[in-house]
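Working notes, beginning with the structure itself.
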């Protein structure tokens, strides 16, 4: 128990003294996972909406693939991204293995199906008549899609938070493709793993607390936006 | 109208992605060195001391991938690392003999220790030879935790079992964690089992463990670290100049002096003993 208390104290100490290394690690975590979430947002919402609104052969199969993708194991993604990015691998010429860019790539692959699956469910859950109504009022197809997305804002936001939560807490892929390099590709989760194996449990707990605090404030900000509109 | 809007959106998306990519600093390729190494050099904090000196001196940027000796050599075999800092002599000799590595040089050593619970049910304490200690552990009712991950420590452990004439695979008292040294010691501590560990990691984690040193000082328990450059003739993409600069740095007088005193302030004794220029056969005498 003492250890947890020590960890909490350490967390506040590191936070309020603005420990440069911890600040750098925290910022990089935000940068990498934030960018990955943005990319997954573009891919996830667009593909999710298209699949939700169109009928085509093999649609069921595509939907089942997306839903399976929501549970894509990060280590498996990490392994495949590593193999592709190896110097002598198919994408080796990019030279991005063991860089934050590689981490963004892996995390975007993890988050995209999550956002996609939830977008799909959210758009599908809207009443079918709504589409006809909007079109009947003279909207173009693109305008209709835009209105539908706005209509499904709350569940879509839940999708974004699920995607962000999935990648900010993810460690397997980040450590494989980023390498946990000090001052360069070390993020909160990989630093926690390393400090644990170094026996610095207090610092590990402190990093965990910082990660939780950060996730909390970000989701707080995200949930505030639509809730405020709702109250009006 | 519809079409141009879509195109604009796609372009904006691409611009965002490209902007973000440019935002993250990318080091020039030839200035990067990938160092594949055992976990103990990172977990002990030694590399945190040495790398900034090297980077400042040479301008290279070292990407340390701490994965264990077995995996380090696997990376070297594929040309995915430039230089290795490892401690698995038998496998290293094979690695160099097969032409994957060149210029294998001795850097430092410390030693392995046999750890176990204070009660010592197998009565290992007091035995003279490690092989004898392992023979005592190899009986029903005791428990031995193996790394099981092809690391340098795991490879040493297999050597000792072989020297003891015992095949532990599949035995009830033999469990493989597949984890790093720190985690394996934690498991041994919780389960009151025996394990083989490197002294550096044990000293660093001792305060959280209920494990005692039951056997030490035997010649077979020597833990020797070498630096190996990955053969550029086999893999042209390897940063040969950077690898040589790093290897030269590791055996330089400056580094050897730092190694000599590293850890004394924290643990009361050094974690590693510098050996550059010595012969492997002369160690431990």
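Chains as they are written, first to last, in this note's numbering: chain A, 1 to 232; chain B, 1001 to 1285. Virtual Cβ for every residue (Gly too), placed ideally from N, Cα, C.
Starting from the C-beta of residue i, find all residues in its chain whose C-beta is less than 8 angstroms away, skip the five residues before and the five after it, and write them out in chain order.
{"i": "residue 1089(B)", "result": "1224, 1226 and 1280"}
{"i": "residue 1(A)", "result": "none"}
{"i": "residue 1264(B)", "result": "1270"}
{"i": "residue 147(A)", "result": "134 and 139"}
{"i": "residue 73(A)", "result": "172"}
{"i": "residue 29(A)", "result": "168, 187, 188, 189, 211 and 214"}
{"i": "residue 95(A)", "result": "87"}
{"i": "residue 59(A)", "result": "51"}
{"i": "residue 1126(B)", "result": "none"}
{"i": "residue 1159(B)", "result": "1090 and 1220"}
{"i": "residue 43(A)", "result": "108, 112, 115 and 116"}
Residue i and residue j: beta carbons closer than 8 angstroms?
{"i": "residue 1272(B)", "j": "residue 1259(B)", "result": "yes"}
{"i": "residue 109(A)", "j": "residue 77(A)", "result": "yes"}
{"i": "residue 1145(B)", "j": "residue 1171(B)", "result": "no"}
{"i": "residue 1046(B)", "j": "residue 1115(B)", "result": "no"}
{"i": "residue 1230(B)", "j": "residue 1084(B)", "result": "yes"}
{"i": "residue 186(A)", "j": "residue 1204(B)", "result": "no"}
{"i": "residue 1117(B)", "j": "residue 1183(B)", "result": "no"}
{"i": "residue 1062(B)", "j": "residue 1267(B)", "result": "no"}
{"i": "residue 1138(B)", "j": "residue 1194(B)", "result": "no"}
{"i": "residue 107(A)", "j": "residue 170(A)", "result": "yes"}
{"i": "residue 89(A)", "j": "residue 83(A)", "result": "yes"}
{"i": "residue 1070(B)", "j": "residue 1150(B)", "result": "yes"}
{"i": "residue 71(A)", "j": "residue 119(A)", "result": "no"}
{"i": "residue 1220(B)", "j": "residue 1163(B)", "result": "yes"}
{"i": "residue 142(A)", "j": "residue 149(A)", "result": "no"}
{"i": "residue 79(A)", "j": "residue 145(A)", "result": "no"}
{"i": "residue 1072(B)", "j": "residue 1201(B)", "result": "no"}
{"i": "residue 1143(B)", "j": "residue 1093(B)", "result": "no"}
{"i": "residue 104(A)", "j": "residue 36(A)", "result": "yes"}
{"i": "residue 255(A)", "j": "residue 126(A)", "result": "Only positions 1 to 232 of chain A appear in this structure, which leaves residue 255(A) out of reach."}
{"i": "residue 117(A)", "j": "residue 40(A)", "result": "no"}
What residue range is occupied by the uninterrupted alpha helix (DSSP H) comprising residue i?
{"i": "residue 1093(B)", "result": "1089 to 1097"}
{"i": "residue 1159(B)", "result": "1152 to 1164"}
{"i": "residue 143(A)", "result": "141 to 151"}
{"i": "residue 133(A)", "result": "128 to 136"}
{"i": "residue 31(A)", "result": "20 to 53"}
{"i": "residue 59(A)", "result": "59 to 69"}
{"i": "residue 1254(B)", "result": "1253 to 1261"}
{"i": "residue 1132(B)", "result": "1130 to 1137"}
{"i": "residue 989(B)", "result": "This structure does not reach residue 989(B), given that chain B is present from 1001 up to 1285, and the question cannot be answered."}
{"i": "residue 1269(B)", "result": "Here residue 1269(B) belongs to no alpha helix (DSSP H), and DSSP marks it neither H nor E."}
{"i": "residue 1243(B)", "result": "1240 to 1250"}
{"i": "residue 1234(B)", "result": "Counting along the chain, residue 1234(B) falls outside any alpha helix (DSSP H), and DSSP gives it neither H nor E."}
{"i": "residue 74(A)", "result": "74 to 85"}
Taking residue i as part of the beta strand (DSSP E), name the residues at either end of that continuous run.
{"i": "residue 96(A)", "result": "From DSSP, residue 96(A) is part of no beta strand (DSSP E); its letter is neither H nor E."}
{"i": "residue 1063(B)", "result": "1061 to 1066"}
{"i": "residue 1198(B)", "result": "1194 to 1198"}
{"i": "residue 1146(B)", "result": "1144 to 1146"}
{"i": "residue 1077(B)", "result": "Per DSSP, residue 1077(B) belongs to no beta strand (DSSP E); it is in the alpha helix (DSSP H), 1069 to 1077."}
For residue i, which beta-bridge partners are listed by DSSP?
{"i": "residue 1084(B)", "result": "1036(B) and 1228(B)"}
{"i": "residue 1213(B)", "result": "1115(B)"}
{"i": "residue 1110(B)", "result": "1223(B)"}
{"i": "residue 1176(B)", "result": "1146(B)"}
{"i": "residue 165(A)", "result": "In the DSSP output, where bridge partners are listed per residue, residue 165(A) has none listed."}
{"i": "residue 7(A)", "result": "Beta-bridge pairing links residue 7(A) to no other residue."}
{"i": "residue 1105(B)", "result": "1227(B)"}
In chain order, what residues of the same chain have a beta carbon less than 7 angstroms from the beta carbon of residue i, not counting five sequence neighbours either side?
{"i": "residue 219(A)", "result": "161"}
{"i": "residue 1283(B)", "result": "1109, 1222, 1224 and 1275"}
{"i": "residue 1235(B)", "result": "1079"}
{"i": "residue 1129(B)", "result": "1218"}
{"i": "residue 1232(B)", "result": "1238 and 1240"}
{"i": "residue 1027(B)", "result": "Its pLDDT being 42, under 50, residue 1027(B) is placed unreliably by the model, and the measurement read from it follows with that caveat. Excluding residues within five positions, the ones whose Cβ falls inside 7 angstroms are 1061."}
{"i": "residue 26(A)", "result": "188, 210 and 214"}
{"i": "residue 1025(B)", "result": "Because residue 1025(B) carries a pLDDT of 48, less than 50, the predicted location of this residue cannot be relied on, and the following value inherits that uncertainty. Around residue 1025(B): no qualifying Cβ."}
Does the CB of residue i have a neighbour CB from chain D at under 8 angstroms?
{"i": "residue 88(A)", "result": "Structure shown: chain D not included; protein chains present are A and B."}
Could you name the residues of the same chain whose beta carbon sits closer than 6 angstroms to that of residue i, not counting the 5 residues immediately before and after it, in chain order?
{"i": "residue 192(A)", "result": "204, 207 and 208"}
{"i": "residue 1095(B)", "result": "1073 and 1101"}
{"i": "residue 176(A)", "result": "78 and 82"}
{"i": "residue 1065(B)", "result": "1036"}
{"i": "residue 14(A)", "result": "22 and 206"}
{"i": "residue 45(A)", "result": "119"}
Relative to the ligand COA, is the shortest distance from any of its heavy atoms to the C-beta of residue i smaller than 7 angstroms?
{"i": "residue 197(A)", "result": "The ligand content of the structure shown is nil, which means the ligand COA is not present either."}
Exercise for the section: Mind the definition here: the stretch 1047 to 1065 of chain B touches the stretch 1244 to 1255 of chain B only if three or more C-beta pairs lie below 8 angstroms; say whether that holds. Expected result: yes
Problem - the stretch 1030 to 1042 of chain B in contact with the stretch 1069 to 1087 of chain B per 3-pair CB rule at 8 angstroms - result: yes
Exercise for the section: Evaluate contact between the stretch 89 to 102 of chain A and the stretch 176 to 194 of chain A, counting only Cβ atoms and requiring at least three cross-stretch pairs below 8 angstroms. Expected result: yes
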